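Enquirer: The structure's right below; bear with me while I get my questions together.
In the working numbering, the protein residues as written are 1037 to 1145.
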């Protein structure tokens, strides 16, 4: 049995091809991410990975649309998204396949 603390992971990422991790794999990346109200992420997209975001608690705005607890958002490759935490928020994020350096700022080119 392995035991770890989420606080010891980088930005909540605990499965994927990076360190530290509990399972080193290129198949998938998994994170539990905590945001304070007002925190934002710039508009970005992925060329390879599909990203699934589950709003565990709180409320967010992505691409001008508000989402809250229980919402599941699937972002396909080359779809852009931005992010703003409208409340303190906890998300679970799954990206597949795992793809290092697959985050591009702005609109797809």
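Here a beta-carbon is modelled for each residue, glycine too, at the ideal position from N, C-alpha and C.
Just so it is clear, the structure is predicted and the values come from calculations on it, not from any experiment.
Considering residue 1067, what are the terminal residues of the beta strand (DSSP E) in which it resides?
Expert: Looking at the DSSP string, the run of the beta strand (DSSP E) that includes residue 1067 is 1065-1071.
Enquirer: Look up residue 1120 in the DSSP assignment and give the residues it is bridged to.
Expert: Partner(s): 1076, 1097.
Enquirer: Between which residues of its own chain and residue 1108 is the CB-CB distance below 6 Å, once the five residues before and five after are set aside?
Expert: Closer than 6 Å at Cβ, skipping near neighbours: 1090.
Enquirer: What does the Cβ neighbour count give for residue 1098, buried or exposed, with the cut at 16 atoms within 10 Å?
Expert: By the neighbour-count rule (16 or more Cβ atoms within 10 Å), residue 1098 is buried.
Enquirer: With 16 as the cutoff for other CB atoms within 10 Å, does residue 1085 come out buried or exposed?
Expert: Buried is the call here.
Enquirer: Taking only the alpha-carbon atoms, compute the straight-line gap between residue 1139 and residue 1082 and give it to the nearest angstrom.
Expert: In a straight line, the C-alpha of residue 1139 is about 5 Å away from that of residue 1082.
Enquirer: Which residue from 1044, 1116, 1053, 1126 puts its Cα closest to that of residue 1136?
Expert: If we check each option's Cα against that of residue 1136, 1053 comes out closest.
Enquirer: From residue 1124 to residue 1047, what distance separates their C-alpha atoms?
Expert: Rounded to the nearest angstrom, the two C-alpha atoms are 15 Å apart.
Enquirer: Where does the unbroken beta strand (DSSP E) through residue 1128 begin, and where does it stop?
Expert: Start and end: 1125-1132.
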